[in-house]
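Engineer:
Chains as they are written, first to last, in my numbering: chain A, 1 to 308; chain B, 1001 to 1367.
Set out below in structure tokens:
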């Protein structure tokens, strides 16, 4: 087997795909949350902080009550609170969402590191009760479905959430109002529905979904571990997914899968290329994607102009 | 957000800082620490010795230049969130120039290193600038992405091609020759002669932004780009130039850190320093003078927070206080508005009771 074949076979292995699902899940959850705020016309770059809070309070709940489910519950409660706080500042008091997002990220780093040192005495903790994994012996024998084995329950939960979010956004009146609150708030107001209320709902949903993403990261993917700044810019990757997917939850999931794929490749290719270099790929792709989206939009506009 | 600095601003700033310390006190109490001891330790940490005062000044320099870099971008309507990456790139390029030219005179090495930092970081900042102007790609996202890319690239260089021969350093470049170090001003502290260079840069930025036609045109570009375009300004070029200068300033900060205090490149040359500078700039409402003054204040907080560890309090409380100040500052105008709307409503309701026909056009919509 040549060196090239070896590399290729390690890229397209079950392990890679399994890893892809694993790393895509937190990003996907956050990206679905980000889709909500994006539809409501809020540019939410505070998702990284929201994930970090979810990760920390998930572990804290799991540590305090000795069960991972309590951790998830605590993360969700914090997610609601963070979402409420975000909406209070951005929607009610009309602060600049960019400033609040930036500050929220730093605030989350400060708060979680401070509390981690206060509760655990160190900058991180591990070995807390984690979420169960799905282990089915028969799945391992089926060729393709093998990648779905040995995954945290959140991986499957995310599928349900993706579908639910897609139906919510595109098939329910609430979703319709949500999209209108961002695109045509005045029209929505004329119809007798408060755009602000939809923005509040979007913020809370985003807070909860990001908190779930964080809880999955700390309780599922890393089985009960918290480390300082462990969200590690995933919130920004999720944001990139939102932009790429034009806030469509289903497309955002696919974008997240792509990011997961590149992260997984980086881990596989460590022997050949420095992982520092492969780590940059998703970020560069995001920029290229954004340029691509813009260029395509402009081309479409030009084509439409020529037709008329 | 680009409001004037006036008494109202000062009052709201002081109130915000006071409230932020109050929030900090509540968190300290909640985790079983005495706020008075903690804040006392903070003051002591910042002023107890000349060494600490030197550190305060050095950190204030970093914050101020980073904050001014952010001011410069926001003045023309572009947010440079990528200063962190530009700083790292500038730092590693400057460090490597110093290492590879080892042996030549400092008169050649230092200007070349500064030039290298300016050019590399400036070019790196040009990418998001050009994308923003030519394609309207959101610069906030591109700069954030480029931050991580820069951090990884620097890590790669410091671990691989430019790695120091010293085995104990995992990712760092070779140490700079002592001849190239900036002279320390206070023994033991990080403060070096770089602060004079920084002062000149800060003055130039303030002068250009506040006192020249260029500065006025920049303001116009940021506040009313259509008008600026129609009055014949080349706003695209202005935005790109400001972005490049902003990046170059961040790169220089990186060089100052390497030549002034670290004497080699390692990833901890900057610990999200740019983001802290950015927040200072936000609190200062992107006004250069206020940015510089607030940098001093937050540098005191940051260096003081190191003293907290001696009384057993995690020093991250500093980040909490700083961000809570921003939350209050960002919310206050909206909060006051809500309050005045409510007051007016009450007044209108009172008038209604009297005349029965008071206009109620200002009623805030229900949330």
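Ideal Cβ positions, reconstructed from N, Cα and C, are used throughout, including at glycine. All values derive from a computational prediction rather than experimental measurement.
For residue 177/A, does the count of other Cβ atoms within 10 angstroms reach 16, so buried, or fall short, so exposed?
Structural biologist: It counts as buried.
Engineer: When the Cα of residue 1258/B is compared with those of 1177/B, 1328/B, 1215/B, which residue comes out closest?
Structural biologist: Of the candidates 1177/B, 1328/B, 1215/B, the one whose C-alpha sits nearest the C-alpha of residue 1258/B is 1177/B.
Engineer: Suppose the cutoff is 7 Å on Cβ atoms and the five residues either side in sequence are ignored; what does the same chain contact list for residue 1356/B look like?
Structural biologist: The predicted model places residue 1356/B with a pLDDT of 48, which falls under 50 and marks its position as unreliable, so this point remains unresolved.
Engineer: Would residue 1155/B count as contacting chain A if we go by Cβ distances under 8 Å?
Structural biologist: With 8 Å as the cut-off, residue 1155/B counts as an interface residue toward chain A.
Engineer: Rounded to the nearest angstrom, what separates residue 76/A and residue 29/A at their Cα positions?
Structural biologist: Roughly 13 Å between the two C-alpha positions.
Engineer: Check each candidate in 1149/B, 1244/B, 1308/B and name the one with the smallest Cα separation from residue 1078/B.
Structural biologist: Out of 1149/B, 1244/B, 1308/B, 1244/B has the C-alpha closest to the C-alpha of residue 1078/B.
Engineer: Go through the region 1035-1096 of chain B residue by residue and report every complete run of the alpha helix (DSSP H) that reaches 4 residues or more, in order.
Structural biologist: DSSP runs (the alpha helix (DSSP H)) wholly in the region 1035-1096 of chain B: 1035-1047, 1050-1075.
Engineer: Whole angstroms are fine: how far does the CA of residue 1056/B sit from the CA of residue 119/A?
Structural biologist: Each residue's alpha carbon lies about 30 Å from the other.
Engineer: So with Cβ pairs under 8 Å, would you call residue 175/A a contact of chain B?
Structural biologist: No, its Cβ sits nowhere closer than 8 Å to a Cβ of chain B.
Engineer: Count the other C-beta atoms from every protein chain shown that fall within 10 angstroms of the C-beta of residue 292/A, then say buried if there are 16 or more, exposed otherwise.
Structural biologist: Exposed, because fewer than 16 other Cβ atoms sit within 10 Å of the Cβ of residue 292/A.
Engineer: Taking the C-alpha atoms as reference points, what is the distance between residue 243/A and residue 290/A?
Structural biologist: In a straight line, the C-alpha of residue 243/A is about 7 Å away from that of residue 290/A.
Engineer: Does the distance from the C-beta atom of residue 1095/B to that of residue 1248/B stay below 8 Å?
Structural biologist: Taking 8 Å as the Cβ cut-off, residue 1095/B and residue 1248/B do not qualify as a contacting pair.
Engineer: Would you tell me roughly how many angstroms separate the C-alpha atoms of residue 286/A and residue 280/A, rounded to the nearest one?
Structural biologist: Their backbone Cα atoms lie some 10 Å apart in a straight line.
Engineer: Quick one: list the residues of chain B neighbouring residue 106/A, beta-carbon separation under 7 Å, in chain order.
Structural biologist: What residue 106/A touches in chain B: 1275, 1279, 1319, 1323.
Engineer: Residues of chain A with a CB under 7 Å from the CB of residue 1131/B: which are they?
Structural biologist: Per Cβ cutoff of 7 Å: 291.
Engineer: I need the DSSP call for residue 1168/B, collapsed to helix, strand or coil.
Structural biologist: DSSP places residue 1168/B in coil when its eight states are reduced to three.
Engineer: Put residue 289/A into one of helix, strand or coil per three-state DSSP.
Structural biologist: Residue 289/A: helix per DSSP, three-state reduction.
Engineer: Where does the unbroken alpha helix (DSSP H) through residue 1211/B begin, and where does it stop?
Structural biologist: Taken as a continuous stretch (DSSP letters only), the alpha helix (DSSP H) holding residue 1211/B covers 1194-1211.
Engineer: Going by DSSP in three states, residue 9/A sits in which element: helix, strand or coil?
Structural biologist: DSSP places residue 9/A in helix when its eight states are reduced to three.
Engineer: Less than 8 Å between CB atoms is the rule here; does residue 1068/B satisfy it with respect to chain A?
Structural biologist: Closer than 8 Å: no.
Engineer: At 7 Å on the CB atoms, spell out the chain C contacts of residue 1291/B, in chain order.
Structural biologist: Among the protein chains of the structure shown, namely A and B, there is no chain C.
Engineer: Would you call the CB atoms of residue 1051/B and residue 1260/B closer than 8 Å?
Structural biologist: Cβ distance not < 8 Å, so residue 1051/B and residue 1260/B don't count as in contact.
Engineer: If you compare alpha carbons, which of 1016/B, 1264/B, 1135/B, 1303/B is closest to residue 1182/B?
Structural biologist: It is 1264/B.
Engineer: Using a Cβ-Cβ cut-off of 7 Å (strictly less than) and excluding sequence neighbours within five positions of residue 97/A, which residues of its own chain qualify?
Structural biologist: Contacts found: 42, 43, 44, 90.
Engineer: With a cut-off of 8 Å, does the C-beta of residue 276/A fall near any C-beta of chain B?
Structural biologist: True, the Cβ-Cβ gap to chain B drops below 8 Å.
Engineer: By the criterion of Cβ-Cβ separation under 8 Å, what are the contact partners of residue 1240/B in chain A?
Structural biologist: Correct list: empty, because the minimum Cβ distance to chain A is about 16 Å.
Engineer: Assign residue 1221/B to one of three DSSP states: helix, strand, or coil.
Structural biologist: Three-state DSSP puts residue 1221/B in a helix.
Engineer: Residue 58/A and residue 74/A - do their beta-carbons sit closer together than 8 Å?
Structural biologist: Yes; because the gap between Cβ atoms is below 8 Å, this pair is in contact.
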